[in-house]
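See below for the structure under consideration.
This is the structure we're talking about:
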């Protein structure tokens, strides 16, 4: 209010001939006041007068300030090219005069120009130079104004090209608050609220952003009304309101004589301008908000595309790994069959004691490699989600008894005592996957046997909870072996993980067994638990929920019937070997001939079908992958005219997950290569005796 009054007085004095040289200064200050009050048209009128008079008096310093102010006002009007022209004129004058202090005005103007153009990085650079200079010159209003525009630019700059822009914007707004609160710059405190709303939008705090923007709109209008009243009061006196037009236009006489309706008309005009300005600011804010959202959406889209590509690459890599492991293990099984087969033949031929020792070592190595191949295949199937859990009736106690019988010799070889505790209140027949529980127990008990010597191993199976149609079974394997350190207990269930390098060297193994157990139990809806103390032993336990079966056996899978098989049942029995690998043909033939069996050999499926049509065989050993038709197709063709001859799949591929398809094709049994000789002959004996056919 006082500034308006003093400028009014100064303008009157400057109209006198003796003070005419001060006229440009007064006009420049009036223009600056109108600019700060956001009356841009009046500001332009006054600054153009000031420029005209300054050019007349050749005061280059003041002319530079006039050019700079004109450029800044033009930016507010959106006249960017013209604004840039006058800003460059001011820069030329400041440079020629070597006036570094005044050049801060130019940096501030260029900063505003770049802000309008959306060149936020250049805007920030120029405004920082201006703010620093204003602070040195102790120009607090200009300093706070520069900080305000800096914060505005930082809310809009691309965060990829400018680190932590929002944090820096908040710091500048705090400086604005400190200066404006101390000096009463209410306009800047209100403007701060608009910039706050932009920060909250970027931070996705939309509710707070809306509050800040509403506050800004409301108080922006209030400030405009205050400015109008200030102008009215500041100009009251000899000429009152009429002096306002005298100051602005320097042409009219006393406005007090004008009708009061003119005042209200003017007031209505200013309010209309204010309303248009508010709507423009709201539109600008929405536009900026939409730009921010568009940038965020674009960034999210790019990230989604990258993640999708990464996912597809990972899936391709996983498929490639699975295919590689399947192929390589099949290729390893074929030469392994040669190694184990020839070793078996040599051991049958009464070797010398020193040769027998070497052959036993070779047999052990072959069995170890076969175990490794099988473990890798199991883990590969688990990771590829190719393992399916069956739900068929089976005898739980009989299944566990079979596991313990199979592992008894291994336990005795290390002088261990195997204790077995079974809860007889458990139902005999349950619904579940018998193969999976066997695999889990074999891995756990084998692990205990491996790390225990001259000790005890307990296998406990008991009822955890029993319901009318369901039973939860608690399985537990405990040993007095080496134990596992606390540190290693967190990683022992990971693939290829063992207790230590020393344990690996001492006991061997790959560390896959416990990983397979963990994965199998997770698929079955359970989990493995461990208690262990280094040097004292370990205890593993888990629970599995089974439905209680109302039947006494599996209606889908073949049920083994225990019969006494005569030892000479294989003598003179005719067997057809269908195998395309010459070495495998020779090994299988020699192994069978050791039991006095009569062997015929063919290289492919078509010849096999022809031989069965022309001759009678007691059993057929059928390979799967062969040139021409596969073993599966050959079996289907044989079953069209011969439904009784036993056909056993003898192959290096893993078909456990597709056994049902093999039974449907007409196979009676499956023997994987390499095979255990005792298991091999047992299955052939049962096939010939008719003991392994499906119970339908």
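Residue numbers (our numbering): 327 to 1022.
Virtual Cβ for every residue (Gly too), placed ideally from N, Cα, C.
Quickly, what does DSSP pair residue i with across the bridge? List them, please.
i           : result
residue 867 : 802, 855
residue 449 : Answer by DSSP bridge pairing: none, since residue 449 is not bridged.
residue 356 : Beta-bridge pairing links residue 356 to no other residue.
residue 926 : 902
residue 874 : 756
residue 789 : 799
residue 718 : 758
Closest by CA to residue i, which one among the options?
i            : options            : result
residue 745  : 734, 754, 751, 467 : 734
residue 403  : 368, 429, 722      : 368
residue 423  : 447, 633, 443, 391 : 391
residue 730  : 750, 628, 924, 764 : 764
residue 803  : 792, 866, 857      : 866
residue 801  : 843, 807, 775, 814 : 843
residue 903  : 541, 948, 937      : 948
residue 871  : 640, 756, 622      : 756
residue 754  : 876, 736, 397, 604 : 876
residue 502  : 488, 521, 679      : 521
residue 1007 : 920, 508, 955      : 920
residue 670  : 970, 686, 661      : 686
residue 425  : 455, 387, 743, 601 : 387
residue 989  : 1015, 1016, 961    : 961
residue 716  : 758, 680, 532, 725 : 758
residue 910  : 667, 771, 895, 950 : 667
DSSP state of residue i, grouped into three classes?
i            : result
residue 903  : strand
residue 946  : strand
residue 484  : coil
residue 362  : helix
residue 975  : strand
residue 411  : helix
residue 955  : coil
residue 1006 : helix
residue 498  : helix
residue 998  : strand
residue 679  : helix
residue 577  : Residue placement at residue 577 is flagged as unreliable, the pLDDT there being 35, under the threshold of 50; the coordinate-derived value follows with that caveat. Residue 577 falls in the coil class under three-state DSSP.
residue 467  : helix
residue 840  : helix
residue 667  : helix
residue 932  : helix
residue 437  : helix
residue 507  : helix
residue 425  : coil
residue 297  : Lying outside 327 to 1022, the shown extent of the chain, residue 297 is not represented and no answer is given.
residue 618  : helix
residue 567  : The predicted model places residue 567 with a pLDDT of 33, which falls under 50 and marks its position as unreliable; any figure quoted below should be read in that light. Three-state result, residue 567: coil.
residue 820  : coil
residue 538  : helix
residue 808  : coil
Confirm, please, whether the CB-CB distance from residue j to residue i is below 8 angstroms.
i            : j           : result
residue 490  : residue 437 : no
residue 993  : residue 964 : no
residue 795  : residue 874 : yes
residue 752  : residue 785 : no
residue 431  : residue 394 : yes
residue 918  : residue 901 : yes
residue 915  : residue 925 : yes
residue 899  : residue 942 : no
residue 683  : residue 740 : no
residue 472  : residue 495 : no
residue 922  : residue 905 : no
residue 1011 : residue 997 : no
residue 362  : residue 482 : no
residue 374  : residue 360 : no
residue 514  : residue 470 : yes
residue 869  : residue 852 : yes
residue 398  : residue 435 : yes
residue 420  : residue 429 : yes
residue 862  : residue 809 : yes
residue 854  : residue 847 : yes
residue 467  : residue 396 : no
I want to see whether chain B comes within less than 8 angstroms of residue i, judged by CB atoms only; does it?
i           : result
residue 905 : Any reference to chain B falls outside this structure, which holds one protein chain only.
Check: What alpha helix (DSSP H) runs, 4 residues minimum, are completely inside the stretch 722-786?
Finding: 722-739, 760-776
Check: Which parts of the stretch 620-651 are runs of the beta strand (DSSP E), unbroken and 3 residues or longer, counting only runs that do not cross its ends?
Finding: none
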